[in-house]
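Protein chains in written order, with my numbering: chain L, -19 to 321; chain H, -19 to 321.
Every residue, glycine too, gets a C-beta built ideally from N, C-alpha and C.
If you're wondering where the values come from, they're calculated on a predicted model, not measured in any experiment.
To start, the structure under review is shown below, and the notes come after it.
There are 2 protein chains.
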Amino acid sequence: MILGGGSGTRLWPASRKALPKHLLPLMPDGGTLLGAAVARGQRVAQHVLIVTAESQREMTAAVAPQATIVAEPVGRNTAAALGLAAATIEVTDPEGVMVVLPADHFVADEAGLAAVLERGLGAVERDDVIGTVGITPTHPETGYGYLETEPEAARHGVVPVKRFVEKPDRATAELYLASGRFLWNAGMFCVSVRRLLGELAEHLPATAAAVRAIAAGTASAAEVYPTLRSISIDHAVMEHAERVVTVPASVGWDDLGSWAAVPALRGTDEHGNTVAGTVVAVDSSGNVLMTDDDTVLATVGVNDLIVVKSGNAILVIRKDQAQEVRRVVEALSARGLARYL
Amino acid sequence: MILGGGSGTRLWPASRKALPKHLLPLMPDGGTLLGAAVARGQRVAQHVLIVTAESQREMTAAVAPQATIVAEPVGRNTAAALGLAAATIEVTDPEGVMVVLPADHFVADEAGLAAVLERGLGAVERDDVIGTVGITPTHPETGYGYLETEPEAARHGVVPVKRFVEKPDRATAELYLASGRFLWNAGMFCVSVRRLLGELAEHLPATAAAVRAIAAGTASAAEVYPTLRSISIDHAVMEHAERVVTVPASVGWDDLGSWAAVPALRGTDEHGNTVAGTVVAVDSSGNVLMTDDDTVLATVGVNDLIVVKSGNAILVIRKDQAQEVRRVVEALSARGLARYL
C-alpha cells in the first residue's frame, strides 16, 4: 500500500498544490518518486494499492497503470488512508499483510530496503507484530520523529520499539544519536490487515466502521469520508499499540523534505553542484541549480544556494535554510499570490 | 548628438545583442535610458541627432520620434560615429556646436548636468576648446578612465585637462582620488563641428574624408563605413588634442556598467532591495531582484545578490562580482548557447 495522496509545497516551485512532489520527474532518469515507490512495493508484495487524492487519480494511474488506485474524496491524514486501504484489501483477502510505503521518499539501496521489509514481514507473520522501518540516524536531525528501541532485546535483527517520539529539539536529538537506542521513523510499516483494522476499531472506531462500509459499498465515500477524524496513524495507533517492532536500516533513505535533499537523489558534478536543465555555473559550487522550459540559468560566484525555476516561479534560497520555503508559501498566500502555489 | 548604437551584454539577461541597455525600460517610470538622454540633450540643444546601428533604427525612432536618426551600417567605435554626426551637421550648419552624450548613462541631477554643459558650451564658444565633463570621483573606481586636470588654472569653473588616462589599477586609483586633480571621464563632450572635423582630418584623415563623403551623398555608407578604422574618439583625438578643458560635475552620474549600479537608478526599499516585477523577498536584503512576464521571484535568506529573470534567461550573481557577467556571456558562446545572448 502506497500513501500517495499528499500535496505539498516543500519543493515549491516544482511541487505545487496541483502537482505534488511524488509526481515530479525528480529521479535522475526522469522518473517519479511514486514510480520508484511502486517498484519498491513490487519487490516485496504481490499487489500494489495506491491511496491517493481524487484530483491525482489520473496522474497516478499514468505513473502506475499496474496498481489498484483508491481515491480519497478529501485528505483525512494517514489513519483514515491506511484504514481505507486495509478495508479494501480485507474484502478479498482478510488474511492479507500490508507493507505501507510513502510515495515521496527516496531510497538509494532498494535491495537493502527490500531485505529489511522481508525481515519485518517475517516478524509480522511469526508474531503478529506491527513492523516498522527504523533508519539508523546519521546526524542529530530535528525534522524527523524517532523510535526508541530496546536493542538488548533484538531477535533476528528485529528490535522491540519502546515508544514513538515526536521531532526533538537539537539537544535532545544529539542525546538520541549518542545513545544508540533511537532510530528515525521512516513512516514505513508492515502489518496484517486484521491487526490494523483491529487497532483502528479499538482506537478510532468511527473510522474503522466507516472505511469498512465504504469498502463494502454500503456507504458513500464522498459523504462519509469528509466526516472522519484527521489524525496520523502514529498518533492514532502506533503510539498506543503493543508489540511494535522495528528493523534497523541503513539504506540511503531520505524523505526529500526540502531542496537540500535533492543532491542525495540526483548526485553532484565535479563542483558539488546538482544541476538540471540548461545551467551555466561560473565560480559556483555546492548549489542546487534547476531550470526548465529552455530557460537558461546562469550563476557567478555563488555557493550553497538553491535556485529553482519551475514554470512561472523562481526560488532562490540558502541551502541551510531550505526548510524555510514554507515562508515563501505563506507570503504568497498573504499577498494574494496563491495562484503561484 | 547621442551615441546610441552600442550593443552590450553587461546587463545580460535584460540586455541582449538585439536589445541593448539604452533601449530597456530601466527607468523607474518604465522609460529608457535613451529617452532620458534625449531629454538631457533637449535641455541644452536645439536639435537632437542620434547615431545608432541600422538594426536599432526602428526601436530608436520609436523612443525618440523627434530626433534625427543616422544609422551606421556597422559599428566602427566612437571616432567614426562622432565624425559621421559632425559631417551630417556640417552640411546644414557648418558653424554648429555639438554636445555629445552617451545614450546609456544615468544622471540623477539633470538640471545640474545641464548647467555643467552650458558652462562647457560657453567655453567652446569663447575659446574653441574641446569641453569635457569631469565627474568628481566618489571612490577609487578602476572601471573608468580619468582626466588629469590643472585645478590651479581653473577659470569660471572650467579646468584645463592635462591628459586623458586609462582605467587605473586600484593603487593608482587611490592616488588619483587623494590628489584632487583627477576626474572621471564621463564620455560627454562639447565641441564645434568645425574643430571636431579638423581634429579628425589631422589624426584620422581617411575617416574625416569618408564621413564627409557619406554626408554629402557622394559615397555609400554601406560600402565605405565598414572600411573605417575602429577606434575611440579618446584614443584618436582627445589624447592628442590641445586646448581640452573639463567642467567638474557632481550630478549623480553612473554609466550603468553592471547590475550593481541599478539601485542608484531605481532606488531601494526598506530592506535595501531593488525590486521589479512580482517579487517575494523573505529575510533578504541588499539584493537586486528583477523578474518579468508574470514570473514570481521568491528569495529566502539571501543578501547582496543580483537575481534577474528576463525572457528565457535567469542570472544569479554576487553583487560584488557584477562585472563578471561577461564570463557568463563567454561561457554561453563557448557552449553553443549564443541564442541566449
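Determine the burial state of H/L277: buried for a count of at least 16 other Cβ atoms within 10 Å of its Cβ, exposed for fewer.
buried
Residues of chain L with CB closer than 9 Å to the CB of H/T271, please, in chain order.
I294
Under 8 Å from the C-beta of L/R315: neighbouring residues of chain H:
V260
What do you get for H/T118, buried or exposed, if any count of 16 or more other CB atoms within 10 angstroms of its CB means buried?
exposed
Take H/V138 as the anchor and find which of H/E52, H/R56 and H/V109 has the nearest alpha-carbon.
H/V109
Hey, H/L3 and H/M(-19): beta-carbon distance below 9 Å or not?
no
Please tell me whether L/E304 and H/D263 are closer than 9 Å, where the distance is taken between their beta carbons.
yes
In the DSSP assignment, what are the bridge partners of H/W233?
H/V87
Expressed to the nearest angstrom, what Euclidean distance is found between the alpha-carbon atoms of H/E154 and L/A314?
49 Å
Simplified DSSP assignment, three categories, for H/M78
strand
Supposed contact pair L/L13 and L/F86 - C-beta distance, whole angstroms, cut 8 Å:
7 Å
Selected residue, minimal CA-CA separation from L/H220, among L/P243, L/G178, L/G257 and L/A196
L/G178
Within 10 Å of its beta-carbon, does L/H183 have 16 or more other beta-carbons around it, so buried, or fewer, so exposed?
buried
If we count the other Cβ atoms within 10 Å of its Cβ and call it buried at 16 or more, is L/D84 buried or exposed?
buried
When you compare the CB positions of H/R(-4) and H/L321, do they come within less than 9 Å of one another, or not?
yes
Could you tell me which of H/L157, H/G125 and H/V173 sits nearest to H/G167, measuring between CA atoms?
H/G125
Under 8 Å Cβ-Cβ, which residues of chain H neighbour L/D274?
N292
Jot down the residue ranges of each uninterrupted beta strand (DSSP E) in the region 215 to 270 of chain H, minimum 3 residues, whole runs only, in chain order.
224 to 229, 254 to 256, 259 to 262 and 268 to 270
Have a look at H/E75 and H/I297 and give me their C-alpha separation to the nearest angstrom.
49 Å
Going by Cα to Cα distance, which pick from L/G11, L/T58 and L/G10 is closest to L/I30?
L/T58
Classify H/A91: buried if its beta carbon has 16 or more other beta carbons within 10 angstroms, exposed otherwise.
exposed
Span separating the alpha-carbon of L/A244 from that of L/P8
11 Å
Counting only Cβ-Cβ distances shorter than 8 Å, please list the residues of the region 140 to 167 of chain H near chain L, keeping chain order.
none
Flag L/E304 as yes if its beta-carbon sits less than 9 Å from any beta-carbon of chain H, otherwise no.
yes
Cβ-based burial, H/G63 [other Cβ within 10 Å; buried from 16]
buried
Can you tell me which of L/M218, L/P82 and L/V255 puts its alpha carbon nearest to the alpha carbon of L/R20?
L/P82
Taking 8 Å as the cut-off, does the region 232 to 244 of chain H touch the region 191 to 198 of chain H (at least 3 CB pairs, one atom from each stretch)?
no
Quick one, which of L/F144, L/A33 and L/P120 has its alpha-carbon nearest L/S159's?
L/P120
Using CA coordinates, which residue listed in L/M270, L/V242 and L/Q26 is at the minimum distance from L/V77?
L/Q26
Since L/L163 and L/I115 should fall inside the 8 Å C-beta cutoff, what is the C-beta to C-beta distance between them, to a whole number of angstroms?
6 Å
Against L/P126, what residues of chain H qualify as contacts under a CB-to-CB distance less than 9 Å, listed in chain order?
Going by the sequence as given, residue 126 of chain L is Tyr instead of Pro. Chain H residues near L/Y126: none, gap ~27 Å exceeds 9 Å.
Could one say the Cβ of L/V308 lies closer than 9 Å to chain H's Cβ atoms, at least one of them?
yes
Using a cut-off of 8 Å between C-beta atoms, extract the partners of H/R298 located in chain L.
V280, G281 and V282
At least one CB of chain L closer than 9 Å to the CB of H/K(-3): is that the case?
no
Report the start-end ranges of each alpha helix (DSSP H) in the region 6 to 62 of chain H that is 4 residues or longer and not cut off at the edges.
13 to 24 and 37 to 43
Could you check which residue in H/D149, H/S210, H/V79 and H/E105 has the C-alpha nearest to that of H/A66?
H/V79
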